[in-house]
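For the sequence shown, the working numbering assigns the number 1372 to the initial residue and increments by one for each residue that follows.
Each residue gets a CB set at the ideal place from its N, CA and C atoms; glycine is no exception.
Scroll down for the structure; my scribbles are underneath it.
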Amino acid sequence: MIVLDANVVIALLDEDDGSHERAHDLIDDHEWDEFCTSALTLGEMLVRPAERGHADREHGAVERLGVTVLPVTSSTAVAAARVRAGRRLQMPDAIILATARAAGGQLATFDRKLRRIARSEGVVIAELYDDGGPGPFPV
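Rendered as structure tokens:
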């Protein structure tokens, strides 16, 4: 299971995003995996489309990608609060980290701080596979 942070989904859906190709490569490299995100993360990634009147269209695109939206349960909220208190993360980042941990999945994010904290919390980071071609691959 690959748990998608908002920045990965935003990059995937926005051709003008600087990480668009990287997001596609990440999804392609994990095509046999299931993808999910948290309900809070879905809301976070729909803010800009909502400002433009396109929230339903973008939500539909996420559904067509086969991304399962997981609820934020009370146990996820408590786990996120603990991580946020100890690590000074923003709540959306703490929620997606707690969601990845609860789902037993790998976290896909382009946020370096979140990647570092997730690793230190024992969450595996979904990486691009090195096919011997040109990098760079995220650290």
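By DSSP's criteria, residue i is part of a beta bridge. Which residues make up the other side?
i: residue 1409; result: 1441
i: residue 1451; result: The partner list for residue 1451 (beta bridge, DSSP) is empty, contrary to what the question assumes.
i: residue 1375; result: 1479
Using only CA atoms, which one of the options lies nearest to residue i?
i: residue 1450; options: 1490, 1470, 1389, 1437; result: 1470
i: residue 1381; options: 1396, 1498, 1427, 1433; result: 1433
What number of angstroms, rounded off, separates the C-alpha of residue i from the C-alpha of residue j?
i: residue 1375; j: residue 1406; result: 7 angstroms
i: residue 1424; j: residue 1457; result: 37 angstroms
i: residue 1477; j: residue 1444; result: 19 angstroms
i: residue 1415; j: residue 1463; result: 8 angstroms
i: residue 1436; j: residue 1442; result: 18 angstroms
i: residue 1483; j: residue 1388; result: 17 angstroms
i: residue 1390; j: residue 1384; result: 10 angstroms
i: residue 1453; j: residue 1485; result: 15 angstroms
i: residue 1401; j: residue 1431; result: 21 angstroms
i: residue 1399; j: residue 1459; result: 32 angstroms
Below 8 angstroms CB to CB, which residues in the same chain sit around residue i once its five sequence neighbours on both sides are set aside?
i: residue 1472; result: 1450, 1492, 1493, 1494
i: residue 1475; result: 1372
i: residue 1466; result: 1409, 1411, 1412, 1443, 1447, 1448, 1451
Our contact map puts residue i next to residue j with C-beta atoms below 8 angstroms; I'd like the distance itself, whole angstroms only.
i: residue 1413; j: residue 1440; result: 5 angstroms
Residues in the same chain with beta-carbon distance under 7 angstroms from residue i, minus the five sequence neighbours each way, listed in chain order, please.
i: residue 1510; result: Low per-residue confidence applies at residue 1510: pLDDT is 44, beneath 50, and the placement is therefore not dependable enough to give any value.
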